[in-house]
Amino acid sequence: MSSYVYKTTRRGVLLAKTVSYQVRLCSGNFRHLEVLKDENNVAIVTMKRAPVNSLNTELLTEISSVLTDLEETKCSGMILTSFSDKVFCSGLDIYEIFKSKPSAIGTSFSTLLEVFIKLYGSTFPTVAAITGHAPAGGCVLGLFCEYRIMVQNFKIGLNEDQLGFNAPSPIVKLMINTIGHRNAELALTSGRLFTTSQALQVGLVDEIAKDRTEAFEKADGFLRRFEMIPPLARNFTKQSMRRALLQDVTINREKYTEGFVSMISLHEVQQSIAAYLDNLKNKKRNAH
Ligand SMILES: CC/C=C\C/C=C\CCC/C=C/CC(=O)SCCNC(=O)CCNC(=O)[C@H](O)C(C)(C)COP(=O)(O)OP(=O)(O)OC[C@H]1O[C@@H](n2cnc3c(N)ncnc32)[C@H](O)[C@@H]1OP(=O)(O)O
7 MSSYVYKTTR RGVLLAKTVS YQVRLCSGNF RHLEVLKDEN NVAIVTMKRA
57 PVNSLNTELL TEISSVLTDL EETKCSGMIL TSFSDKVFCS GLDIYEIFKS
107 KPSAIGTSFS TLLEVFIKLY GSTFPTVAAI TGHAPAGGCV LGLFCEYRIM
157 VQNFKIGLNE DQLGFNAPSP IVKLMINTIG HRNAELALTS GRLFTTSQAL
207 QVGLVDEIAK DRTEAFEKAD GFLRRFEMIP PLARNFTKQS MRRALLQDVT
257 INREKYTEGF VSMISLHEVQ QSIAAYLDNL KNKKRNAH
């Protein structure tokens, strides 16, 4: 088998077409993730749930489990990315929230919150190499990381309002923390998807890359900024900046999950999701 993998070296990250490379994380057997680690204990976590990395409970559970592994093995940094050169992550799996049992919607959302707690609160530095579109939950996953590098000419944002429901309050706070109140309000109320360059302008992403290789070089550059910073100090500072939101979600996880399930289960919301799915299918049909 020959596939693209990312070979990390002390001086940078190289894209290499090879199969004989570094250590594979052996503590987990993942269906939708590839996890590689370099000699510096930096992990590259690649989502590979074709075609568009929609976040179903299984993928979310795998991400959660990898994050536990990375904490336990004292990983020194993590790059989160996608197998695809078109889509980073298409958000929550719509089919898990459309016409689904409340318990299934609840499990999916609660697992997303678990990923938030582990990823946003991780002791190691995290960076998203966004190699394609990142709508809704895809943007959310990027926002959980400390730094975002996005390949040019794609779209990112919280378009939940377009689907007929609002983004829950913790993610609104996170968006405000990232791009400011005014920009967040304008973006969220219209379900705006930003182009890569617009996202850079408002601060939704931190750097633009011309392609995947450059995104990895820049991600590696971000992680190397911390080589000379004592990890303990870095982590204390990170936790103190993130404590309020982390505590809120940890304490109120059940309440937020119930709120999300009630909202998604509303008849009008289900109708909006149905219309959104029709629209998605029509777009695809018209493109052919
Ligand atoms: C502090 C914070 C704490 C906690 C967080 C709190 C709250 C967070 C709230 C998060 C809520 C999120 C809600 C969602 O994420 S709902 C999902 C929203 N997603 C979208 O709107 C994206 C929809 N998809 C697209 O726009 C395009 O598919 C995309 C641009 C991604 C790719 O386009 P492309 O042309 O490449 O592919 P398509 O032909 O459109 O799609 C291929 C097949 O994939 C299916 N698909 C696409 N997206 C999804 C999805 N999200 N779920 C399930 N399936 C999806 C699509 O239907 C195609 O299927 P087939 O027709 O081939 O069967």
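Residues are numbered in our numbering as their position in the sequence shown, beginning at 1, plus a constant of 6. Glycine is no exception: its CB is placed at the ideal position from the N, C-alpha and C atoms.
Quiz item: Among ALA250, PHE36 and GLN277, which one has its Cα closest to the Cα of LEU65?
Solution: PHE36
Exercise. Taking the CB atoms as reference points, tell me whether PRO176 and LEU76 lie closer together than 9 Å.
Key: no
Exercise. Pull up the distance between the alpha-carbon of PHE266 and that of VAL275, whole angstroms please.
Key: Those two C-alpha atoms are separated by around 11 Å.
Quiz item: Apart from the five residues on each side of it in sequence, which residues of its chain come closer than 6 Å, Cβ to Cβ, to GLN168?
Solution: GLY197
Quiz item: Unbroken beta strand (DSSP E) runs of length 3 or more, entirely within the region 105-167: which are they?
Solution: The qualifying runs are 132-136, 153-157 and 161-163.
Quiz prompt | Beta-carbon proximity list for ALA221, same chain, < 8 Å, skipping 5 on both sides | solution = THR87, ALA135, ILE136, THR137, ILE155, MET156, VAL157 and ALA215
Quiz item: Looking only at DSSP bridge pairs, what is VAL48 linked to?
Solution: GLY83
Quiz item: DSSP puts MET269 in a beta bridge; with which residues?
Solution: Partner(s): none; MET269 has no beta bridge.
Quiz item: CB ARG248 to CB GLY127, shorter than 9 Å?
Solution: Yes, these two residues count as a Cβ contact at 9 Å.
Quiz item: Given CYS32, which residues of its chain have a CB within under 6 Å of its CB, disregarding the five upstream and five downstream residues?
Solution: Since pLDDT at CYS32 reaches only 45, below the 50 mark, its modelled position is unreliable, and the value read off the structure follows with that caveat. Hits under 6 Å: none found.
Quiz prompt | Assumed close pair GLY34, SER71 - CB separation to whole angstroms, cut-off 8 Å | solution = 6 Å
Quiz item: Sorry if obvious, but does the Cβ on ILE185 come closer than 8 Å to a heavy atom of ligand 1?
Solution: Checking every heavy atom of ligand 1 against the Cβ of ILE185, none is found closer than 8 Å.
Quiz prompt | Start-to-end residues for the beta strand (DSSP E) that takes in LYS54 | solution = No beta strand (DSSP E) contains LYS54, which DSSP labels as neither H nor E.
Exercise. For GLY143, count neighbouring Cβ atoms within 10 angstroms of its own Cβ and tell me buried if that reaches 16, exposed if not.
Key: buried
Quiz item: Between CYS145 and THR132, is the Cβ-Cβ spacing less than 9 Å?
Solution: Cβ atoms of CYS145 and THR132: not closer than 9 Å.
Quiz item: Going by DSSP, what residues sit across from GLU191 in a beta bridge?
Solution: Paired residue(s): none; GLU191 is not in a bridge.
Quiz prompt | Beta bridge counterpart(s) of SER70 as assigned by DSSP | solution = Its beta-bridge partners do not exist; DSSP assigns none.
Quiz item: From ALA56 to ARG230, what distance separates their C-alpha atoms?
Solution: Between the alpha carbons of ALA56 and ARG230 lies a gap of roughly 31 Å.
Practice problem: Locate the beta strand (DSSP E) running through VAL41, then write down its first and last residues. | Solution: 39-43
Self-check item: Counted within 10 angstroms of its Cβ, other Cβ atoms place ASP44 as buried (16 or more) or exposed
Solution: Burial check for ASP44: the Cβ neighbour count within 10 Å reaches 16 or more, so the residue is buried.
Quiz item: Rounded to a whole number of angstroms, what is the C-alpha to C-alpha distance between ASN285 and ASN189?
Solution: 27 Å
Quiz item: By DSSP, does CYS32 sit in helix, in strand, or in coil?
Solution: For CYS32, the pLDDT reaches just 45, beneath the cut-off of 50, and the residue's location in the model is therefore unreliable, leaving the point undetermined.
Quiz prompt | Candidates VAL51, ASN47 and PHE122: closest to LEU39 by CA position | solution = Nearest option by C-alpha distance: VAL51.
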